[in-house]
Amino acid sequence: MIVCRSKLEIEKLRRVNQLVARILGELRRMAGPGVTTKEIDAAAEALVLAEGAVPAFKGYHGYPATVCASLNEQVVHGIPSGRRLVDGDILSLDMGAKLDGFFGDCAVTVSIGRVSPDATRLLRVTEEALFHGIEAVKPGARVSDIGAAVQRHVEAHGFSVVREFVGHGIGTALHEEPQIANYGPGRRGPRLSEGMVLAIEPMVNLGGAGVKVLGDGWTAVTRDGSLSAHFEHSVVVTAEGCEILTLLDEDAGRARELASAAVENISD
Ligand code: MF3
Ligand code: CO
Numbered sequence: 030m031i032v033c034r035s036k037l038e039i040e041k042l043r044r045v046n047q048l049v050a051r052i053l054g055e056l057r058r059m060a061g062p063g064v065t066t067k068e069i070d071a072a073a074e075a076l077v078l079a080e081g082a083v084p085a086f087k088g089y090h091g092y093p094a095t096v097c098a099s100l101n102e103q104v105v106h107g108i109p110s111g112r113r114l115v116d117g118d119i120l121s122l123d124m125g126a127k128l129d130g131f132f133g134d135c136a137v138t139v140s141i142g143r144v145s146p147d148a149t150r151l152l153r154v155t156e157e158a159l160f161h162g163i164e165a166v167k168p169g170a171r172v173s174d175i176g177a178a179v180q181r182h183v184e185a186h187g188f189s190v191v192r193e194f195v196g197h198g199i200g201t202a203l204h205e206e207p208q209i210a211n212y213g214p215g216r217r218g219p220r221l222s223e224g225m226v227l228a229i230e231p232m233v234n235l236g237g238a239g240v241k242v243l244g245d246g247w248t249a250v251t252r253d254g255s256l257s258a259h260f261e262h263s264v265v266v267t268a269e270g271c272e273i274l275t276l277l278d279e280d281a282g283r284a285r286e287l288a289s290a291a292v293e294n295i296s297d
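If you read the sequence shown in the working numbering, its first letter stands for residue 30, the second for the next number, and so on.
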């Protein structure tokens, strides 16, 4: 069953998702050459706790940290470590938190210093693909319309979509129904209705789609060693389409541009 949230529940989800987005903003400002991903994780945990919230990932099936910090060929679920960021890295930061019984979840991939033109293109196309998915969200649309829109955009640019991990409903649990694949034919699966809350999170590889999980049981990496990017927003279905709960006011202009580009050129 996919839950439709009340006004009050949506207000709570907005609060926690805004909190997660704000902290992620802090972390991305912190992420530069010389900083370790463990330092970023420690800052994240302190910021979450200072807000009276609780990290959502720490302890989830034994996950050991507040953020997932996935570097370069790491796709998702990279465990923060003593590795120092260096110029040319790309770093995916994914964070969830719980506040007042409700969960927030958001992810971005950031460039460290100057990165290759390929890396720049990968980050741009992955974020655009997320907005193509978001543009597909409206009452009456089907869950698989999201993945179809994501996949179309990614493959039009010669990149590939990861199949093994999916987006999800989010609310009083971090992972609720439905699962949201980032590929596949549209017009399949449940219809979306006002009040449903979804975390949409495309993972895109520069090379092939294949991934494997390392011996630590968490870190997913590309099989071919190519770079990978990950962007995630949590959204609530509204009468007109959706509201991005993890969008900060300061990023609204950029989001509007990404959204209108997604509408205008649905295959590009
Ligand atoms: N954003 C990812 C997700 O929603 C991160 C989960 S990491 C875990 O699935 F540690 F919580 F598993
Ligand atoms: Co998620």
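All C-beta atoms, glycine included, are put in the ideal place defined by N, C-alpha and C.
As assigned by DSSP and simplified to three states, the class of residue i
i: Glu59; result: With the sequence shown as reference, residue 59 is identified as Met, and Glu is not the correct amino acid for it. Note: Met59 maps to helix in three-state DSSP.
i: Gly162; result: helix
i: Leu277; result: coil
i: Thr66; result: helix
i: Ala288; result: helix
i: Glu304; result: Residue coverage of the chain in this structure runs from 30 to 297, which leaves residue 304 outside it and unanswerable.
i: Lys3; result: In the structure as shown, the chain begins at 30 and stops at 297. Residue 3 is therefore absent and cannot be evaluated.
i: Lys127; result: strand
i: Val77; result: helix
Local Cβ density within 10 Å of residue i, reported as buried at 16 or more and exposed below that
i: Ala238; result: buried
i: Asp134; result: buried
i: Val45; result: buried
i: Leu37; result: exposed
i: Met225; result: buried
i: Leu243; result: exposed
i: Asp278; result: exposed
CB contact flag (residue i, residue j, <8 Å)
i: Val191; j: Ile209; result: no
i: Asn234; j: Phe160; result: no
i: Thr65; j: Val77; result: no
i: Ala136; j: Phe260; result: yes
i: Gly169; j: Arg220; result: yes
i: Leu298; j: Phe131; result: With the chain represented from 30 up to 297, any question about residue 298 goes unanswered, as that position is not in the structure.
i: Leu128; j: Gly81; result: yes
8 Å contact criterion, which residue i and residue j should meet: CB distance rounded
i: Val265; j: Val104; result: Incorrect: roughly 27 Å between the Cβ atoms, too far for contact.
Segment limits, alpha helix (DSSP H) that includes residue i
i: Val183; result: Val172 to Ala185
Host beta strand (DSSP E) of residue i (start-end)
i: Met30; result: Run containing Met30: none; DSSP gives neither H nor E here.
i: Lys241; result: Val240 to Val242
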